[in-house]
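Visitor:
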Amino acid sequence: MSARLTNMASILIVEDDPKQLKLYGKALRGHSLTCVATGSAALKVLASTKPDLIILDNILDEGEKGVDFLPQVKAAAAHVPVILISGTLKIREQLAALQGPRAAHYVLEKPVDLDEFDKTVEIALTECGLGETVAALQSLERAEKIESSEPDRRFTERLARQHELIKRLRGANERPNISAFARDFDVSRKTIIRDLQDLIRRGQLPEELYPEWRQEADAD
110 MSARLTNMAS ILIVEDDPKQ LKLYGKALRG HSLTCVATGS AALKVLASTK
160 PDLIILDNIL DEGEKGVDFL PQVKAAAAHV PVILISGTLK IREQLAALQG
210 PRAAHYVLEK PVDLDEFDKT VEIALTECGL GETVAALQSL ERAEKIESSE
260 PDRRFTERLA RQHELIKRLR GANERPNISA FARDFDVSRK TIIRDLQDLI
310 RRGQLPEELY PEWRQEADAD
């Protein structure tokens, strides 16, 4: 089998324990990982880049607690799913962390069960974040809670298509088949190319997946 062309997902890990970081490194092999030891450092990272997933430990370096930084983390990256990990939070505190507009998507207890961790990461990457945004927009359109003008519908369709492209291409062993994608989504090849350009510009797919993207962009 050929080497993968992508690093799969971009994941920010906020954890100060070297042993725990080593565990995550093995479990998340193939993903692009950024590791910091404090919530303060995580906010600095989020000021310049937005990962696909955030793994936030509760007990951090310098006496910080992840749960205290959760509202700021979600304010900085509202669309990015967060997995909060802790061995100290009581049930009531775990429930509080899962409630409200700036809540975590999941809370996992330490010691972390790797099978549960793997499944949670997979669901968070495929169904949460952008996937939730697309589902919410589609639901609002169906309920006629927002204007469903032609530009609005095209915007939602584009987001949905791009989300599906991310899922199909993340960890892919081959370069994208533009014509096949165009047939699958019933759009033109040019539309798929523009989708790939958007995703690469936003850092959601790596440039090496589609090296011609700059040349195609200049030709538009």
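Sequential numbering from 110 applies to the sequence shown in our numbering.
For each residue, glycine too, the CB sits at the ideal point set by N, CA and C.
Here the structure is a predicted model, which is why all the values come from computation and not from measurement.
1) Quick one: Cα of residue 323 to Cα of residue 309, how far?
2) If we ignore side chains and look at the alpha-carbon of each, how far apart do residue 216 and residue 178 end up?
3) State the CB to CB distance for the pair residue 233 and residue 214, rounded to an integer number of angstroms; the pair is presumed to be in contact (CB under 8 Å).
4) Contact check, residue 125 vs residue 169 under 8 Å by CB: the rounded distance?
5) For residue 219 and residue 210, I'd like the C-alpha separation in whole angstroms.
6) By Cβ distance, which residues of its chain are closer than 7 Å to residue 271, with the 5 residues on each side in sequence left out?
7) In whole angstroms, what separates the C-alpha of residue 302 from that of residue 129?
8) Answer with buried or exposed for residue 238, where buried requires no fewer than 16 other C-beta atoms within 10 angstroms of its C-beta.
9) Reducing DSSP to helix, strand and coil, say where residue 169 ends up.
10) In the region 124-185, which residue ranges form an unbroken alpha helix (DSSP H) of at least 4 residues, counting only runs that do not cross its ends?
11) Do you know offhand how far residue 320's Cα is from residue 198's?
12) What are the partner residues of residue 192, as DSSP defines its beta bridges?
13) Less than 7 Å between the beta carbons of residue 313 and residue 287, yes or no?
14) Sort 139, 136 and 174 by Cα distance to residue 150 and report the nearest one.
15) What does the alpha-carbon distance come out to for the pair residue 203 and residue 291?
16) Using a threshold of 7 Å, state whether the C-beta atoms of residue 119 and residue 161 are closer than that.
17) Would a C-beta distance cut-off of 7 Å place residue 163 and residue 189 closer than the cut-off?
18) Going by Cα to Cα distance, which pick from 241, 262, 264 and 231 is closest to residue 136?
19) Is residue 121 buried or exposed, if buried means 16 or more other CB atoms sit within 10 Å of its CB?
20) Can you tell me whether residue 274 is helix, strand or coil according to DSSP?
Guide: Looking at the coordinates:
1) In the sequence shown, the residue the question calls residue 323 occupies position 214. In the sequence shown, the residue the question calls residue 309 occupies position 200. Rounded to whole angstroms, residue 323 to residue 309 spans 10 Å at the Cα level.
2) In the sequence shown, counting from the first residue as 1, residue 216 sits at position 107. In the sequence shown, counting from the first residue as 1, residue 178 sits at position 69. Distance between the alpha carbons of residue 216 and residue 178: 15 Å.
3) Locating residue 233 in the sequence shown gives position 124, counting from the first residue. Locating residue 214 in the sequence shown gives position 105, counting from the first residue. The beta-carbon distance between residue 233 and residue 214, rounded to whole angstroms, is 6 Å. This is short enough to meet the 8 Å contact definition.
4) Indexing the sequence shown from 1 puts residue 125 at position 16. Indexing the sequence shown from 1 puts residue 169 at position 60. About 5 Å separates the two Cβ atoms, so the contact holds.
5) Your numbering for residue 219 matches position 110 in the sequence shown. Your numbering for residue 210 matches position 101 in the sequence shown. Cα to Cα, residue 219 sits roughly 25 Å from residue 210.
6) Reading the sequence shown from its first residue, position 162 is the one you call residue 271. Excluding the 5 residues flanking it on each side, residue 271 has same chain C-beta neighbours closer than 7 Å at 304, 307 and 308, in chain order.
7) As a working mapping, residue 302 is identified with position 193 in the sequence shown. As a working mapping, residue 129 is identified with position 20 in the sequence shown. Near 40 Å, if we compare the C-alpha coordinates of residue 129 and residue 302.
8) Walking along the sequence shown from the start, residue 238 turns up at place 129. Buried, because 16 or more other Cβ atoms sit within 10 Å of the Cβ of residue 238.
9) For this step, residue 169 is matched to residue 60 along the sequence shown. Residue 169: coil per DSSP, three-state reduction.
10) The region 124-185 contains these whole alpha helix (DSSP H) runs: 127-136, 148-157 and 175-185.
11) Along the sequence shown, read from residue 1 onward, the residue named residue 320 stands at position 211. Along the sequence shown, read from residue 1 onward, the residue named residue 198 stands at position 89. Approximately 46 Å between the Cα atoms of the pair.
12) The residue labelled residue 192 in the question sits at position 83 within the sequence shown. Within the DSSP bridge table, the entry for residue 192 names 164 and 215 as partners.
13) Counted from its first residue, the sequence shown places residue 313 at position 204. Counted from its first residue, the sequence shown places residue 287 at position 178. Taking 7 Å as the cut-off, the Cβ atoms of residue 313 and residue 287 do not count as close.
14) By 1-based counting over the sequence shown, the position of residue 150 is 41. Nearest of 139, 136 and 174 to residue 150, Cα basis: 174.
15) Taking the first residue of the sequence shown as 1, we reach residue 203 at position 94. Taking the first residue of the sequence shown as 1, we reach residue 291 at position 182. Between the alpha carbons of residue 203 and residue 291 lies a gap of roughly 44 Å.
16) Start at 1 with the first residue of the sequence shown, and residue 119 comes out as number 10. Start at 1 with the first residue of the sequence shown, and residue 161 comes out as number 52. Result yes, Cβ atoms of residue 119 and residue 161 sit closer than 7 Å.
17) In the sequence shown, residue 163 corresponds to position 54, counting from 1. In the sequence shown, residue 189 corresponds to position 80, counting from 1. Less than 7 Å separates the beta-carbon of residue 163 from that of residue 189.
18) Counting from 1 along the sequence shown, the entry for residue 136 is found at position 27. Cα-wise, what sits closest to residue 136 is 231.
19) In the sequence shown, the residue the question calls residue 121 occupies position 12. With at least 16 other beta carbons inside 10 angstroms of its own, residue 121 counts as buried.
20) Numbered from 1 along the sequence shown, position 165 holds the residue referred to as residue 274. Here residue 274 sits in helix by DSSP.
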